Amino acid sequence: MSSWLEKAFEYGIFRGNRIAYENLLDKLKIEYNGRLFIGELKKFKEEVARASGISERQVHNIIQNLREKGVLEAVIIDNKEYLVLSKTFGSRLVKMGRNYWDWLR
Numbered sequence: 198m199s200s201w202l203e204k205a206f207e208y209g210i211f212r213g214n215r216i217a218y219e220n221l222l223d224k225l226k227i228e229y230n231g232r233l234f235i236g237e238l239k240k241f242k243e244e245v246a247r248a249s250g251i252s253e254r255q256v257h258n259i260i261q262n263l264r265e266k267g268v269l270e271a272v273i274i275d276n277k278e279y280l281v282l283s284k285t286f287g288s289r290l291v292k293m294g295r296n297y298w299d300w301l302r
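First residue of the sequence shown: 198, per this note's numbering; consecutive thereafter.
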């Protein structure tokens, strides 16, 4: 698991099945080059659910959670909507971590 994802779980930013998060992000990054056409979302959710041993609804919830936290963004490229990995999430994660540690004190 990537270090930033471990930190996100440690800080409580993400909850749930770590393997599902890892499978989803790895598949998006490696097989889809960081951008997923919305028309392929159903097939993508089926594949991630099968690989992770969870339901498609849980995969949908993970995708929504990643969008809320800023890991995934919806963008329009060539008049088509894509889900893409955010380039600014690293700085957001650092800020969330600082807020978490301040809250603990």
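Heads up, the beta-carbon is just placed ideally off N, CA and C, and yes, glycines get one too. Predicted model only: the values in this text are computed from it and were never measured.
Under 8 Å between C-beta atoms of residue i and residue j
{"i": "Leu-282", "j": "Leu-202", "result": "no"}
{"i": "Leu-263", "j": "Val-245", "result": "no"}
{"i": "Glu-228", "j": "Lys-242", "result": "no"}
Residues that residue i bridges to, as DSSP identifies them
{"i": "Glu-278", "result": "Ile-273"}
{"i": "Arg-232", "result": "Val-281"}
Member of the options whose CA lies at the smallest distance from the CA of residue i
{"i": "Phe-234", "options": "Arg-295, Glu-278, Lys-284, Asp-299", "result": "Glu-278"}
{"i": "Gln-261", "options": "Ser-249, Ala-248, Leu-280", "result": "Leu-280"}
{"i": "Ala-271", "options": "Leu-238, Phe-211, Arg-295, Gly-209", "result": "Leu-238"}
Whole-angstrom C-beta distance between residue j and residue i, which should lie under 8 Å
{"i": "Gln-255", "j": "Ala-205", "result": "About 18 Å; that fails the 8 Å criterion."}
{"i": "Ile-274", "j": "Gly-213", "result": "Contact flag wrong, Cβ pair sits at about 30 Å."}
What residue ranges within the segment 235 to 270 form continuous alpha helix (DSSP H) runs of no fewer than 4 residues, ordered along the chain?
Entirely contained in the segment 235 to 270, the alpha helix (DSSP H) runs reaching 4 residues are, in chain order, 238 to 249, 253 to 266.
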